[in-house]
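Q:
There are 2 protein chains.
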Amino acid sequence: MERLTAKQNEKIKAAVSIRDSAKARRETGLFFLEGARLCADAAENEIEIYRAFFTGKALEKYSDYSKKILASAQECYEISEEISSRLSDTQSPQGIFCLCKAQEKNALGADIRPDGKYIFLENVQDPSNLGAVSRTAEALGVDGMIVCGGCDIYNPKALRASMGSALRLPIFTCDNAPETLKELGKKGMLTLASTPDSSAVKVTDVDMVGGVVCVVGNEGNGVTRDTMSACKVKVTIPMDGRAESLNASTAAAILIWEMVRK
Amino acid sequence: MERLTAKQNEKIKAAVSIRDSAKARRETGLFFLEGARLCADAAENEIEIYRAFFTGKALEKYSDYSKKILASAQECYEISEEISSRLSDTQSPQGIFCLCKAQEKNALGADIRPDGKYIFLENVQDPSNLGAVSRTAEALGVDGMIVCGGCDIYNPKALRASMGSALRLPIFTCDNAPETLKELGKKGMLTLASTPDSSAVKVTDVDMVGGVVCVVGNEGNGVTRDTMSACKVKVTIPMDGRAESLNASTAAAILIWEMVRK
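Top line first, the protein sequences correspond to chains A and B.
Residue numbering for the first sequence follows our numbering, starting at 6 and increasing by one per position.
Residue numbering for the second sequence follows our numbering, starting at 6 and increasing by one per position.
#1: Under 8 Å, do I17 (chain A) and R91 (chain A) count as touching if we go by C-beta distance?
#2: Figure out for me which residue from A:S199, A:T209, A:K237 has the closest Cα to the Cα of N252 (chain A).
#3: Figure out for me which residue from B:S68, B:N128, B:G193 has the closest Cα to the Cα of R230 (chain B).
#4: Which runs of the alpha helix (DSSP H) fall wholly inside the stretch 109-166 of chain A and span at least 4 residues, in chain order?
#5: Are the stretch 69-80 of chain B and the stretch 101-110 of chain B touching by the rule of at least three beta carbon pairs closer than 8 Å?
#6: Grab me the residues of A258 (chain B)'s own chain with a C-beta within less than 6 Å of its C-beta, minus the 5 sequence neighbours each way, in chain order.
#7: Got a sec? Which residues, its chain only, sit under 7 Å from V147 (chain A) by beta carbon, not counting five neighbours each side?
#8: How about M255 (chain A) and L186 (chain A): are their beta carbons less than 8 Å apart?
#9: Under three-state DSSP, which class holds V208 (chain A)?
#10: Tell me which residue opens and which closes the beta strand (DSSP E) that A270 (chain A) is part of.
#11: Quick one, which of B:L145, B:A11, B:M168, B:G114 has its alpha-carbon nearest D270 (chain B)'s?
#12: Could you round the C-beta distance between K239 (chain A) and V208 (chain A) to whole angstroms and report it? I think they count as a contact, below 8 Å.
#13: Determine whether the beta carbon atoms of A166 (chain A) and P119 (chain A) lie at a separation below 8 Å.
#14: Output needed for K162 (chain A): all residues of its chain with C-beta closer than 8 Å, excluding positions within five of it in sequence on either side, in chain order.
#15: So I74 (chain B) and C44 (chain B) are in contact, right, with Cβ under 8 Å, and what is the actual spacing, rounded?
#16: Is it the case that the Cβ atoms of K183 (chain B) and A235 (chain B) are separated by a distance below 8 Å?
#17: Let me see if you follow: with CB-CB separation under 8 Å, is L135 (chain A) close to chain B or not?
#18: Whose C-beta lies closer than 7 Å to the C-beta of M194 (chain A) among residues of the same chain, with five residues either side of it excluded?
#19: Is the stretch 107-114 of chain A touching the stretch 23-39 of chain A, taking contact as three or more C-beta pairs under 8 Å?
#20: For the stretch 243-267 of chain A, list every residue whose C-beta sits within 7 Å of some C-beta in chain B, in sequence order.
#21: T209 (chain B) touches chain A at which residues, Cβ-Cβ below 7 Å?
#22: Helix, strand or coil: how does DSSP classify I101 (chain B) here?
#23: What do you reckon, are the CB atoms on L189 (chain A) and I84 (chain A) nearer than 8 Å?
#24: If you follow the alpha helix (DSSP H) that T33 (chain B) is part of, which residue opens it and which one closes it?
#25: With a 10 Å radius around its C-beta and 16 neighbouring C-beta atoms as the bar for buried, classify M150 (chain B) as buried or exposed.
#26: Classify V214 (chain B): buried if its beta carbon has 16 or more other beta carbons within 10 angstroms, exposed otherwise.
#27: Locate the alpha helix (DSSP H) running through L186 (chain A), then write down its first and last residues.
#28: Assign G100 (chain B) to buried or exposed, taking buried as 16 or more other Cβ atoms, counted over all protein chains shown, within 10 Å of its Cβ.
#29: Identify whether Y55 (chain B) lies in helix, strand or coil by the three-state DSSP scheme.
#30: Determine the contact status of A27 (chain B) and N160 (chain B), defining contact as a CB-CB distance below 8 Å.
#31: Nearest to A115 (chain B) by CA position, among B:T178, B:D212, B:L9, is which residue?
#32: Select from the stretch 142-171 of chain B all residues with a C-beta closer than 7 Å to any C-beta belonging to chain A, and list them in chain order.
#33: Going along chain B in order, which residues have a C-beta closer than 7 Å to the C-beta of R42 (chain A)?
#34: How would you label T10 (chain B), buried or exposed, when you count the other beta carbons within 10 angstroms and need 16 or more for buried?
#35: Enumerate in chain order the residues of its own chain whose CB-to-CB distance from V138 (chain A) is below 6 Å, with the five nearest sequence positions on each side excluded.
#36: With 8 Å set as the bound, which would you pick, yes or no: does the beta-carbon of R140 (chain A) sit closer than that to a beta-carbon of chain B?
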């Protein structure tokens, strides 16, 4: 295994840039993972590992995890403790890092099941919310998550909040939310746009049998007008007329729950 | 209004200590609030304001909020910008701070409605979870939150995550969770203990008509054994048999939703 020792090594600089910059993630189609368990999760879930970095200590201490990662990574490098500190976001790094290929299945491809349940995030900005929704989506067993409008689910904070679920849950991308939703609607799926507007249909009054896509919008502005129009039904979570609203990830959790509730 | 200028003033030191220490909050029965809106919320919601601190600038800039606070606070002080920075948790403080009296109604008192819906938190530790649950509880319109076992809902982080809901929602304390739940059960309330154990009763199979108290436990260890035994029914959120669990605040959101769902 090649050993990298210079902090200014191009491969290390590239990894840091992908860790820190949404733009670098978009341009390379790669994302950054830290930690023995999370990197092994990626390997087990057939996420393509482009580069893996290990400290000598980590190879020993986390040998089971390391084996899985070594077996699936295209390129592997041993790094010094100093580089490990440079790469790490944490106080006491485990010394294992990966660059992985982002899931890039388009929501208009064949992988969306017309009878499946999908949560669709439009312009959700807060990494903790993105991670929390993916965790809930996986735990409650929806068929996948569709992300649109710069929802940066591979932001390191989002990945951490997701507890690895973003690696296990099928993730779909989409370029144009209204068009994608119209197409999914034509395939017979029920497309729902969520809104705090209490005149919308109560989520408890919607028949969720069959394929459903439910859109959750930006924390401040909600679902965009065009996306709202492209959906078959506007739904709301009845809130007893209170002024205060639910957090975006909590609203998403209740909508996901209603999709899968039997 | 008396003007405080020395950072080492005893009143300022006491405020900082109540802001930073759960022990000081317990001992004094007070909690610390920062921000014009949040402090005015306290005044409007008949939270007792023991001391209020304002910078000269804040009194002008937030005069509407300030009037409400001035009208209800027992003691008011003008503070320097320097003291405001000392008191503040934020980069650009608004210059308004209060020490308020914690709600201390006991869950065995007369204020719990036997036909009401209550979420009960036992040993929930993470301030973000505490704040998130209180926000959800208020938005979805449960009748109150019962906290037990050092759930520190007046932690500044919890208050921030609660978006002020901890000031508006009736909060009840309890010294002994199992005994309190047994008593509430004797009053005819349905007492539920939540668990990830998939052999428990599905939450969707529980009849939530009438009074209900639902217990959510510690993030790592769940509901304690004695509390579990004291409840009439163990409930679980069906998760399609997935290994990964829901975040505590998400689980609480779904349980609250099921309590109020019509």
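Where a beta carbon is used, it is the ideal one built from N, C-alpha and C, also for glycine.
It should be emphasised that the depicted structure is a prediction, and the values quoted were computed from it without experimental measurement.
A: To lay it out plainly:
#1: As a working mapping, residue 17 (chain A) is identified with position 12 in the first sequence. As a working mapping, residue 91 (chain A) is identified with position 86 in the first sequence. Closer than 8 Å, so yes.
#2: Residue mapping note: residue 252 (chain A) aligns to position 247 of the first sequence, counting from 1. For the residues A:S199, A:T209, A:K237, the minimum Cα distance to N252 (chain A) belongs to A:S199.
#3: Locating residue 230 (chain B) in the second sequence gives position 225, counting from the first residue. Selected option, being the one with the closest Cα: B:N128.
#4: Taking 4 residues as the minimum length, the alpha helix (DSSP H) runs contained wholly in the stretch 109-166 of chain A are 132-145, 161-166, in order along the chain.
#5: At 8 Å Cβ cutoff, the stretches touch.
#6: Start at 1 with the first residue of the second sequence, and residue 258 (chain B) comes out as number 253. Only T141 meet the Cβ criterion.
#7: On the first sequence, position 142 is the one that residue 147 (chain A) refers to. Result list for V147 (chain A): K122, Y123, I124, I261, M264, V265, in chain order.
#8: Position 250 of the first sequence, counting from 1, holds the residue named residue 255 (chain A). Position 181 of the first sequence, counting from 1, holds the residue named residue 186 (chain A). Just to set this straight, residue 255 (chain A) is Thr in the shown sequence, not Met. Remark: C-beta atoms of T255 (chain A) and L186 (chain A) do not approach each other more closely than 8 Å.
#9: Position 203 of the first sequence, counted from the first residue, corresponds to residue 208 (chain A). Taken through DSSP and simplified to helix, strand or coil, V208 (chain A) comes out as helix.
#10: Absent from the model: residue 270 (chain A). The displayed extent of chain A is 6 to 267, so no value can be given.
#11: Residue 270 (chain B) lies beyond the residue range present for chain B, which begins at 6 and ends at 267; the question has no answer from this structure.
#12: Along the first sequence, read from residue 1 onward, the residue named residue 239 (chain A) stands at position 234. Along the first sequence, read from residue 1 onward, the residue named residue 208 (chain A) stands at position 203. That pair is no contact at about 10 Å.
#13: Position 161 of the first sequence, counted from the start, is the residue given in the question as residue 166 (chain A). Position 114 of the first sequence, counted from the start, is the residue given in the question as residue 119 (chain A). In this structure, A166 (chain A) sits away from P119 (chain A), with a CB-CB distance that is not shorter than 8 Å.
#14: For the purposes of this step, residue 162 (chain A) is taken as residue 157 along the first sequence, with counting starting at 1. Excluding sequence neighbours, K162 (chain A) sits near P132, S133, G136.
#15: Here residue 74 (chain B) refers to the residue found at position 69 of the second sequence. Here residue 44 (chain B) refers to the residue found at position 39 of the second sequence. At roughly 5 Å, the Cβ-Cβ gap stays under 8 Å, so I74 (chain B) and C44 (chain B) are in contact.
#16: By 1-based counting over the second sequence, the position of residue 183 (chain B) is 178. By 1-based counting over the second sequence, the position of residue 235 (chain B) is 230. Note on residue identity: the sequence assigns Pro, not Lys, to residue 183 (chain B). Yes, these two residues count as a Cβ contact at 8 Å.
#17: As a position in the first sequence, residue 135 (chain A) is number 130, starting the count at 1. Output row for L135 (chain A): interface = no.
#18: Working through the first sequence from its first residue, we reach residue 194 (chain A) at position 189. Around M194 (chain A): P119, G216, V217, V218.
#19: Touching, yes.
#20: For the stretch 243-267 of chain A, the residues whose beta carbon sits under 7 Å from a beta carbon of chain B are, in order, M244, D245, R247, E249, S250, L251, N252, T255, A258, I259, W262, R266, K267.
#21: The sequence position of residue 209 (chain B) within the second sequence is 204, counting from 1. Those within 7 Å of T209 (chain B) in chain A are R266, K267.
#22: Position 96 of the second sequence, counted from the first residue, corresponds to residue 101 (chain B). DSSP places I101 (chain B) in strand when its eight states are reduced to three.
#23: Within the first sequence, the letter at position 184 stands for residue 189 (chain A). Within the first sequence, the letter at position 79 stands for residue 84 (chain A). No, the Cβ-Cβ distance between L189 (chain A) and I84 (chain A) is not below 8 Å.
#24: Position 28 of the second sequence, counted from the first residue, corresponds to residue 33 (chain B). Looking at the DSSP string, the run of the alpha helix (DSSP H) that includes T33 (chain B) is 27-33.
#25: As a first step, residue 150 (chain B) is located in the second sequence; it is residue number 145 there, counting from the start. Counting Cβ neighbours within 10 Å, M150 (chain B) comes out buried, since at least 16 surround it.
#26: Locating residue 214 (chain B) in the second sequence gives position 209, counting from the first residue. Label assigned to V214 (chain B): exposed.
#27: Position 181 of the first sequence, counted from the start, is the residue given in the question as residue 186 (chain A). Looking at the DSSP string, the run of the alpha helix (DSSP H) that includes L186 (chain A) is 182-191.
#28: Counting from one through the second sequence, the residue named residue 100 (chain B) turns up at place 95. If you draw a 10 Å sphere on the C-beta of G100 (chain B), you find 16 or more other C-beta atoms in it, and that means buried.
#29: Translated into the one-based positions of the second sequence, residue 55 (chain B) becomes position 50. It is a strand residue.
#30: The count along the second sequence starts at 1 and reaches residue 27 (chain B) at position 22. The count along the second sequence starts at 1 and reaches residue 160 (chain B) at position 155. The beta carbons of A27 (chain B) and N160 (chain B) sit closer together than 8 Å.
#31: Your numbering for residue 115 (chain B) matches position 110 in the second sequence. Ranking B:T178, B:D212, B:L9 by Cα distance to A115 (chain B) puts B:T178 first.
#32: For chain A, the residues of the stretch 142-171 of chain B that bring a beta carbon within less than 7 Å of one of its beta carbons are E143, A144, L145, G146, M168, S170, in chain order.
#33: Start at 1 with the first residue of the first sequence, and residue 42 (chain A) comes out as number 37. The contacting residues do not exist; R42 (chain A) stays about 12 Å from chain B at best.
#34: Taking the first residue of the second sequence as position 1, residue 10 (chain B) is located at position 5. With fewer than 16 other Cβ atoms within 10 Å, it is exposed.
#35: Here residue 138 (chain A) is taken as the residue at index 133 of the first sequence, counted from 1. Spatial neighbours of V138 (chain A) in its own chain (CB-CB distance under 6 Å, excluding positions within 5 residues in sequence) are listed in chain order as S254, A257.
#36: Looking up residue 140 (chain A) in the first sequence gives position 135. Taking Cβ atoms only, chain B reaches closer than 8 Å to R140 (chain A), which makes this a yes.
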